[in-house]
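Chemist: Pasting a structure below so you can have a look.
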């Protein structure tokens, strides 16, 4: 009996110990859960969302049926991505709560909204504000869902493709910039390996700019060019000023700047523009008329010089930032902003759209689900029905007579008015240049370098010239005896010898050449094609050469430094059997004597 009593006492003691241990473990588990929840709350309030998510998930692992934790983890995923993970958790928060809070309904509405479940999102937005204390904000979200239903019901013929793992990483890629001919891609990334190797307070690496080259239609592995472009701090592709300003975009003529301005990082962002004035100064910035009470961002002026793309949280967005376009009208006005629609735009953030000169392929950044990271770059194949841009892309390389690359100044004039429409420089290392010339102009393009004879090109574009590319490699002749150039912007009417008004800009440049080099003498020669009698051609070529010399004399050049010669059709530079060849043969040349 004693033995039995002892066993009973032992078993009772063991049971008490086991219950005590279980109670202790439960207490420790609850304390650990509270610890992680408190850490998560503190990080969330401080906008340290990576840290918050880590702690909330630890707490949720111990109590999966906690509505508050489900809501908070859903909110972190809505901020950090992937946003698709938020929907189940937000649903759980509402279902597990005896009395869901407005914040829970709002979180669920946001998760449904971003998932393009617009009708369900509207129902939950309505539940999220029972007192109508946030009526304006809730109404905006409901309107966005309405636009979303409209755009999804009428999708546009865009082909959206992730730029792929060569360009994108699991980190952030954004702010794409492309050359007009799509030969180079510049973008900003917050990936490991940044120049400073630092991690910011938000847990992400500092920004650096990367460059990728188009190799047969595919992008090469991006290269971080390092300093001085990238530094140990944040390096994006911004505009610099005393205020918070980013995302600058120059018009193709380099004379109008579009940019984003805000008082500071967290203030409302608006679009501004300013123009280059005399002396390379800039005018006072003017706010663009299509700003809204919400944020606008990422302006991009297409090379056609009149179509501006931007992103906005206002207008007819379907959620977050959507990409819009406006067209510059006569008199400085703008068309009504047009939402580019689905699938380019989503209920997430769609920003930084840029489009190649040809108008067929563009790039932008989006945080849509299915990407490699929180924000990826995507290529956009524009709809086949998209109107062809009215512009010409002129590009090539500039070298000297020995074949070395030259950094030269490129000036584009309107031959009708003499106005300087743009000034550019070729790349010092490669000699490459690229300029966009919108249609409906008679352009005089001049390339010059000290110590060299200038090179000129005439580009006449009608109002419906469409899109084309012209490759023009240029060799700058030395400014020495025997060197000669064709004055391609000296014009005469057919069969006439009077200089046309459009010749003035080119001849003013010849005048300056002679003024800057007072020791040189030149020969101006006239040339014709072989149409008509040689006698008439000879006389016409002589008269035209003399007209040019007369202009120079009238502008202060001594007659002793000038010689006028007519060669008729005796010195062709092309075949006279084609119209293109005949046009090349009808020319005025300058030769240093």
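Numbering (the working numbering), first residue to last: 3 to 595. No residue lacks a Cβ here, since even glycine has one placed at the ideal position from N, Cα and C. Keep in mind it's a predicted model, so treat the numbers as computed, not measured.
Count the other CB atoms, across all protein chains shown, that sit within 10 Å of the CB of residue 299; report buried if there are 16 or more and exposed otherwise.
Modeler: buried
Chemist: Would you be able to state if there are at least three C-beta pairs under 8 Å between the segment 149 to 156 and the segment 164 to 176?
Modeler: The segment 149 to 156 and the segment 164 to 176 do not touch, with fewer than three beta-carbon pairs separated by less than 8 Å.
Chemist: State yes or no: is the C-beta of residue 597 within less than 9 Å of the C-beta of residue 527?
Modeler: The first residue shown for the chain is 3 and the last is 595, placing residue 597 beyond what the model contains.
Chemist: Can you find the residues in the same chain that come closer than 6 Å, C-beta to C-beta, to residue 9, ignoring five residues on each side of it along the sequence?
Modeler: In this prediction, residue 9 has a pLDDT of 47, which is less than 50 and means its spatial position is unreliable; nothing more can be read from the coordinates.
Chemist: Is it true that the CB of residue 515 sits closer than 9 Å to the CB of residue 553?
Modeler: At a Cβ-Cβ threshold of 9 Å, residue 553 and residue 515 do not count as neighbours.
Chemist: Which of the three DSSP states is assigned to residue 575 in this structure?
Modeler: coil
Chemist: Under 9 Å, do residue 494 and residue 343 count as touching if we go by C-beta distance?
Modeler: With a cutoff of 9 Å on beta-carbon distance, residue 494 and residue 343 are scored as not near each other.
Chemist: Taking only runs that begin and end inside the segment 300 to 364, name each unbroken alpha helix (DSSP H) of 4 or more residues, in chain order.
Modeler: none
Chemist: Could you say which of 158, 228 and 174 lies nearest to residue 83 if we only look at CA atoms?
Modeler: 174
Chemist: Use the C-beta contact count for residue 260: other C-beta atoms within 10 angstroms, 16 or more gives buried, fewer gives exposed.
Modeler: By the Cβ-count criterion, residue 260 is buried, with 16 or more other Cβ atoms from all chains shown falling within 10 Å of its own Cβ.
Chemist: Pick from 479, 325, 506 and 296: whose alpha carbon is nearest that of residue 143?
Modeler: Restricting attention to 479, 325, 506 and 296, the CA atom closest to the CA of residue 143 is found in 296.
Chemist: Pick out whichever of 480, 80 and 558 has its Cα sitting closest to the Cα of residue 114.
Modeler: It is 80 whose Cα lies nearest to the Cα of residue 114.
Chemist: How far does the beta strand (DSSP E) with residue 160 in it reach, from first residue to last?
Modeler: Looking at the DSSP string, residue 160 is not in any beta strand (DSSP E), and its letter there is neither H nor E.
Chemist: Given residue 228, which residues of its chain have a CB within under 8 Å of its CB, disregarding the five upstream and five downstream residues?
Modeler: Around residue 228: 197.
Chemist: Considering only the alpha carbon of each residue, which of 320, 350, 359 and 57 lies closest to residue 340?
Modeler: Checked all of 320, 350, 359 and 57; the closest Cα to residue 340 is 320.
Chemist: In this structure, what does DSSP give as the bridge partners for residue 201?
Modeler: When DSSP reads this structure, residue 201 sits in a beta bridge with 207.
Chemist: Can you tell me which of the three DSSP states residue 581 falls into?
Modeler: helix
Chemist: What residues in its chain sit with their C-beta under 7 Å from that of residue 129, if we drop five residues either side in the sequence?
Modeler: 107
Chemist: Could you tell me the boundaries of the alpha helix (DSSP H) in which residue 378 lies?
Modeler: Taken as a continuous stretch (DSSP letters only), residue 378 belongs to no alpha helix (DSSP H), being part of the beta strand (DSSP E) at 378 to 383.
Chemist: Which same chain residues end up closer than 6 Å to residue 424 when comparing Cβ atoms and leaving out the 5 residues on each side of it in sequence?
Modeler: 255, 256 and 414
Chemist: Residue 398 bridges to which residues according to DSSP?
Modeler: Bridge partners of residue 398: 435.
Chemist: With a threshold of 16 other CB atoms inside 10 Å of the CB of residue 555, please say whether the residue is buried or exposed.
Modeler: exposed
Chemist: Tell me whether residue 494 sits in a helix, a strand or coil according to DSSP, three-state version.
Modeler: strand
Chemist: From the DSSP output, which residues share a beta bridge with residue 415?
Modeler: 422 and 446
Chemist: Considering Cα atoms alone, identify which of 219, 222, 191 and 309 is closest to residue 211.
Modeler: 191
Chemist: Name the two residues that bound the continuous beta strand (DSSP E) containing residue 2.
Modeler: Any property of residue 2 remains undetermined from this structure, which presents the chain solely from 3 to 595.
Chemist: Which of the three DSSP states is assigned to residue 57 in this structure?
Modeler: helix
Chemist: Taking 9 Å as the cut-off, decide whether the C-beta atoms of residue 61 and residue 39 are in contact.
Modeler: yes
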